[in-house]
Amino acid sequence: MTAGGACQRAERVNGLVTRMGYGVRLRGEPVPFRFVTCIVGVQQDGRVVIGGDSAGVAGWSITVRADTKVFRNSEFIMGFTDSFRMGQLLRYSLVPPVPQDWDLDRFMATDFIAVVRDCLRDGGFARNDSGNESGGLFLVGLRGHLYRIDSDYQIGRSADNYYAVGSGDEYACGSLHSTRGLDPKQRVRMALEAAAHHSTGVCPPFHIISSDDISSDDVTTYDASD
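Below is the structure:
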């Protein structure tokens, strides 16, 4: 079951098209297929807020998942797309190194990514295509900085101080652009609501976590009617 976020490929077996959750191959040609989900992150006022929806997808079926796509691991907060298995590895298996404040970007691009690669590889999630290793797409909040980690393990920081990833990303980004100055948790919730309104692959309840929340259990949940 997938959580959303990237275009991959499926395989043709005995002449039949198989859906792997990453895409579809028709007549031997890869066809882009975007996963359903929406993960939203905002960097504002010295903190990071990350929120996610609850859609879990297998083929054309959708399940509202009780396990959240956003969580805290040590002082890192994260929100994932692609696969619930990847999210489980990041949440329960990953042991993040202690951050180095003198150059946080360097730390994220080297020490952090090194342990993420090992975690995903050891957990059987990382893919290797002719020597090209790939992981998945997720957001990370650390010490007031918001990072996007792509499937090629690059790190990114947006000059807009926000990110939205998944099939509802464009709707969420439009909302985030229009809500500058509002409380960051409110901005994230409004962005998720916009994505759910316009994208069939995004659904409540929405789960939101802030870097200044004390406990790993401090995830705020919003239903559509709240």
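Per the working numbering, residue 5 is the first one in the sequence shown, and the count goes up by one each step. Note that CB positions come from ideal geometry on N, CA and C, so glycine has one too. Just so it is clear, the structure is predicted and the values come from calculations on it, not from any experiment.
Whole-angstrom distance between residue j and residue i, CA atom to CA atom
i, j, result
"residue 224", "residue 140", "25 Å"
"residue 214", "residue 52", "6 Å"
"residue 100", "residue 156", "19 Å"
"residue 107", "residue 186", "29 Å"
"residue 70", "residue 58", "7 Å"
"residue 167", "residue 177", "7 Å"
"residue 86", "residue 127", "15 Å"
"residue 114", "residue 54", "23 Å"
"residue 77", "residue 112", "15 Å"
"residue 104", "residue 130", "26 Å"
"residue 143", "residue 63", "25 Å"
"residue 95", "residue 216", "18 Å"
"residue 134", "residue 172", "31 Å"
"residue 88", "residue 7", "6 Å"
"residue 162", "residue 120", "21 Å"
"residue 257", "residue 82", "Nothing about residue 257 can be read from this structure; the chain reaches only from 5 to 230."
"residue 110", "residue 198", "34 Å"
"residue 97", "residue 117", "14 Å"
"residue 239", "residue 183", "Shown here, the chain extends from 5 to 230; a query on residue 239 therefore has no answer."
Which residues DSSP lists as bridging residue i, in chain order
i, result
"residue 67", "60"
"residue 213", "54"
"residue 144", "82 and 151"
"residue 159", "153"
"residue 169", "43"
"residue 75", "82"
"residue 224", "212"
"residue 48", "51"
Start-to-end residues for the alpha helix (DSSP H) that takes in residue i
i, result
"residue 117", "117-126"
"residue 192", "188-202"
"residue 90", "88-92"
"residue 108", "108-111"
Residue interval of the beta strand (DSSP E) (run including residue i)
i, result
"residue 137", "136-138"
"residue 131", "131-133"
"residue 183", "No beta strand (DSSP E) holds residue 183; DSSP gives it neither H nor E."
7 Å Cβ cutoff met for residue i and residue j
i, j, result
"residue 179", "residue 200", "no"
"residue 42", "residue 170", "yes"
"residue 44", "residue 192", "yes"
"residue 150", "residue 123", "no"
"residue 208", "residue 227", "yes"
"residue 212", "residue 189", "yes"
Cβ-Cβ separation, residue j to residue i (assumed contact under 8 Å), whole Å
i, j, result
"residue 147", "residue 160", "About 17 Å; that fails the 8 Å criterion."
"residue 56", "residue 67", "With a Cβ gap of about 15 Å, residue 56 and residue 67 do not count as contacting."
"residue 84", "residue 91", "4 Å"
"residue 206", "residue 40", "7 Å"
"residue 47", "residue 165", "4 Å"
"residue 203", "residue 175", "6 Å"
Short CB-CB distance (under 7 Å) between residue i and chain B
i, result
"residue 155", "In the displayed structure, chain B is absent; only one protein chain is listed."
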